[in-house]
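Encoded as structure tokens, the structure appears first; notes follow it.
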Amino acid sequence: MTALPSSLSSMPGRRGLVALAAVLASLAASPSPARAGEPVPDVDRLTVTVRDAGGGADGTYEVRCRPSGGTHPDPD
Numbered sequence: 001m002t003a004l005p006s007s008l009s010s011m012p013g014r015r016g017l018v019a020l021a022a023v024l025a026s027l028a029a030s031p032s033p034a035r036a037g038e039p040v041p042d043v044d045r046l047t048v049t050v051r052d053a054g055g056g057a058d059g060t061y062e063v064r065c066r067p068s069g070g071t072h073p074d075p076d
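Numbering (full-length UniProt numbering), first residue to last: 1 to 76.
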């Protein structure tokens, strides 16, 4: 194992600065927690438009989650 140069090992403040930088970098990379007061959407929706599929499949369909449903022939 290689020892730190004496100029670095004798500077405890530098080690603290490096540790602080590492902690701040890890906090910046982590996602923020969800807030308790934010409303949850009642329904998730996906709208799909089908063109040139033939066989009567063309159209715009909506699929909903929570609860499942929508205008698609098989929304589940």
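Cβ coordinates follow ideal geometry from the N, Cα and C atoms, glycine included.
- In terms of CA proximity to VAL50, GLU62 leads the group ALA19, VAL43 and GLU62.
- In the DSSP secondary-structure assignment, VAL18 is not bridged to any residue.
- When the five nearest sequence neighbours on each side are left out, the beta carbons in the same chain lying within less than 6 Å of the beta carbon of LEU46 are those of VAL63, in order along the chain.
- At a Cβ-Cβ threshold of 8 Å, ASP44 and CYS65 count as neighbours.
- Scanning its chain for C-beta atoms nearer than 8 Å, with the 5 sequence neighbours on each side dropped, one finds around ASP52 the residues ASP58, in chain order.
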